[in-house]
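> What follows is a single structure, and I will ask about it in a moment.
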DNA sequence: ATTGAACCGGAGGCTCACCTCCGCTAATCT
DNA sequence: AGATTAGCGGAGGTGAGCCTCCGGTTCAAT
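Residue numbers (the working numbering), protein chains in the order written: chain A, 1 to 192; chain B, 1 to 192.
Put into structure tokens, the structure is as follows:
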């Protein structure tokens, strides 16, 4: 009952079984991700429905609340991050960690909207997602720490907040973002 | 004519001369800073007027546009940052730089709202503010670089974007924010 | 092919923020 | 004190987004 549910299962449970309904569900998720990335947390729901080529009624049937929509979008991305982490398991520890963080940055535009919307209050689903994301990244971090590539006096929480900060700032070009991220990541290496 | 105007002058020019009007002007600025920090870029203007204990008409008379209000709030804070930088001129270079950046972080909640509102487009006033802020911080950075306390391959722009990222993330407590900021700032020191 | 359940779309009622406009108030000047 | 006029506040028109509801449509199971 209070057994933690995997993020994937949570999503599968939401998705309608009928073919047209499932298509619309997916279209809404995609449209919502774009809209949130573009306009932030309070993107217009009617605009999202329009982008998805779907009536506003359909949106509300699938996601009774703006928050339900958030949760689904967020769960989707977190799920991806978990898969990416697994795929990096055999790379050298520092490379694996930074590669995963780069991927994390890609998701951060959406995350920005989510964060805006959450300011403080925490839903069960969000906590589960957060936890799932931490579970995905932590092995990468700990491996790097055991190799001596990362300082021992920091944890996943510190790291993700730092990176998500840099990810949420607007940069004139992605090259500069990469440079700044690299500088900040220099800070997580041990001092000789 | 196209001589750059100081941020302070810009503000003084806006402020009405009559006593009651000036009071209202100040109250609106304060209320706006709070509201933007709390609710982000699209805080309700009517709410701002209410907080300031002022009619909505008064708000619009002083700030015909949401953007005008942004600009005034932003200019106010930038002005402060300049004064802080000047006050730090005689401290050791690394300390002065980090102290200034800490102060910068304090302003970032408001800045977050500003950034949201700006996404791309740049007003003349905003450019002036930005420039003024860079002018304030750059001497601190360059001094630290000449002392060998900061790596030479980065500039003010890199630094401020990094710090403003960390500043705009929500932290459970300020201690953790300070920790993460310190870690990131470790990244700007030269590698031996 | 038929049928019934699931699903669709968008009209419409509602709320709320935006912004204008103007009769009244009170600060400043003489 | 009295005149002048900048400044005040909020009523109310406008538009946008929220959300409900239901007649019509489409899927899928028989």
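Backbone N, C-alpha and C fix where the C-beta goes; we use that ideal spot for every residue, glycine too.
Computed from a prediction, not measured in an experiment: that's the story for all the values here.
Is the segment 46–63 of chain A in contact with the segment 16–30 of chain A, if contact means three or more CB pairs nearer than 8 Å?
yes
> For residue 180 (chain A), return the contacting residues in chain B, with the cut-off set at a CB-CB distance below 7 Å.
158, 161, 162
> Would residue 185 (chain B) pass as an interface residue toward chain A - the criterion being a Cβ-Cβ separation below 8 Å?
yes
> Go ahead and label residue 145 (chain A) buried or exposed: buried means 16 or more other beta carbons lie within 10 angstroms of its beta carbon, across all protein chains shown.
buried
> Residues of chain B with CB closer than 7 Å to the CB of residue 133 (chain A), please, in chain order.
Near residue 133 (chain A) there are no residues of chain B at all, since even the closest Cβ is about 15 Å away, more than 7 Å.
> CA-CA distance, residue 15 (chain B) and residue 99 (chain A)?
51 Å
> Considering only the alpha carbon of each residue, which of B:31, B:129, B:154 lies closest to residue 55 (chain B)?
B:31
> For a contact defined as C-beta to C-beta under 8 Å, what are the partners of residue 168 (chain B) on chain A?
In chain order: 165, 168, 169.
> Output needed in chain order: residues of the segment 134–148 of chain A with a Cβ under 7 Å from some Cβ in chain B.
Within the segment 134–148 of chain A, no residue has a Cβ that lies closer than 7 Å to any Cβ of chain B.
> Helix, strand or coil for residue 166 (chain A) per DSSP?
helix
> Taking residue 188 (chain B) as the query, report the chain A residues whose CB atoms sit under 9 Å from its CB, ordered along the chain.
183, 184, 186, 187
> Checking 8 Å against the spacing of the C-beta atoms, do residue 165 (chain A) and residue 102 (chain B) come in under that value?
No; because the gap between Cβ atoms is not below 8 Å, this pair is not in contact.
> As a quick exercise: from B:157, B:171, B:149, B:66, pick the residue whose alpha carbon is nearest that of residue 158 (chain A).
Closest option to residue 158 (chain A), Cα to Cα, is B:171.
> Answer with buried or exposed for residue 110 (chain A), where buried requires no fewer than 16 other C-beta atoms within 10 angstroms of its C-beta.
With 16 or more Cβ atoms within 10 Å of its Cβ, residue 110 (chain A) is classed as buried.
> Is it the case that the segment 170–188 of chain B contacts the segment 84–91 of chain B, given that we only count it when at least three CB pairs across the two stretches are under 8 Å?
With a cut-off of 8 Å, the segment 170–188 of chain B and the segment 84–91 of chain B do not count as touching, because too few Cβ pairs lie within range.
> Would a C-beta distance cut-off of 8 Å place residue 128 (chain B) and residue 7 (chain B) closer than the cut-off?
In this structure, residue 7 (chain B) lies closer than 8 Å to residue 128 (chain B) by Cβ.
> Nearest by alpha-carbon distance to residue 69 (chain B): which of B:147, B:105, B:139, B:45 is it?
B:45
> State buried or exposed for residue 3 (chain A), treating a residue as buried only when at least 16 other CB atoms are found within 10 Å of its CB.
Caution is warranted here: a pLDDT of 48 is assigned to residue 3 (chain A), below 50, making its placement in the model unreliable, and the coordinate value is therefore given only provisionally. Using a 10 angstroms sphere on the CB of residue 3 (chain A), the tally of other CB atoms stays under 16, which defines it as exposed.
> With C-beta atoms as the reference, is residue 73 (chain B) less than 8 Å away from residue 36 (chain B)?
It is a contact, given that the beta carbons lie within the stated cut-off.
> In angstroms, rounded to a whole number, what distance separates the CA positions of residue 34 (chain B) and residue 163 (chain B)?
Looking at the backbone, the Cα of residue 34 (chain B) and that of residue 163 (chain B) are separated by about 21 Å.
> Could you tell me whether the Cβ of residue 192 (chain B) comes closer than 8 Å to any Cβ of chain A?
Yes - at least one Cβ of chain A is within 8 Å of the one on residue 192 (chain B).
> Step through the CB atoms of chain A and report whether any lies within less than 8 Å of the CB of residue 14 (chain B).
no
> Alpha carbon to alpha carbon, how far is residue 96 (chain B) from residue 107 (chain B)?
Within the model, the alpha-carbon separation for residue 96 (chain B) versus residue 107 (chain B) is close to 17 Å.
> Compare the C-alpha of residue 134 (chain B) against each of B:188, B:143, B:156 and name the closest.
B:156
> With DSSP run on the structure shown, which of helix, strand or coil describes residue 180 (chain A)?
helix
> Compare the C-alpha of residue 49 (chain B) against each of B:28, B:187, B:138, B:113 and name the closest.
The option with the nearest alpha carbon to residue 49 (chain B) is B:28.
> Could you check how far apart the C-beta atoms of residue 71 (chain B) and residue 125 (chain B) are, in whole angstroms? I think they sit under 8 Å.
5 Å
> How about residue 132 (chain B) and residue 82 (chain B): do their beta carbons lie closer than 8 Å?
yes
> Can you list, in chain order, the stretches of the alpha helix (DSSP H) that have 4 or more residues and sit fully within the segment 97–153 of chain A?
Qualifying alpha helix (DSSP H) stretches, in chain order: 124–146.
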